[in-house]
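In my numbering, the protein residues as written are 2 to 82.
Written below as structure tokens is the structure these notes are about.
Here you go:
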């Protein structure tokens with residue numbers, strides 16, 4: 002896949018995940034999430050999301066892992082490719 006197209010898709014995913022974490026998640030352990038980077042595989046099958054959290058990062062990471070299926074579902078509905 003073209004690198005420019007891949008970067009555009011990564012940026013779109015980053016913006017969507019940031020809005021999901023900011024507005025949709027209500028877990029109190031997820032404090033000030035900041036999406037640092039998103040890496041998308043060339044076959045569009047795997048996305049790695051790098052995030053930093055304020056507060057207790059250990060509890061925040063556990064909370065994000067528990068809500069991963071919800072984020073995945075909302076992301077799949079929102080993407081138009």
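We treat Cβ as the ideally placed atom computed from N, Cα and C, and that holds for glycine.
Look at residue 41 here: in three-state DSSP terms it is strand.
Excluding the 5 residues flanking it on each side, residue 55 has same chain C-beta neighbours closer than 6 Å at 32 and 33, in chain order.
Put simply, of 4, 22 and 11 the residue whose alpha carbon is nearest the alpha carbon of residue 75 is 22. Restricting attention to 49, 52 and 13, the CA atom closest to the CA of residue 81 is found in 13. Between residue 69 and the set 41, 26 and 5, the nearest pair of CA atoms involves 26. In terms of CA proximity to residue 7, 41 leads the group 41, 62 and 53. Taking C-beta separations shorter than 6 Å and ignoring five residues to either side along the sequence, the partners of residue 19 in its chain run 36, following chain order.
Between residue 64 and residue 28, the CB-CB gap stays under 9 Å.
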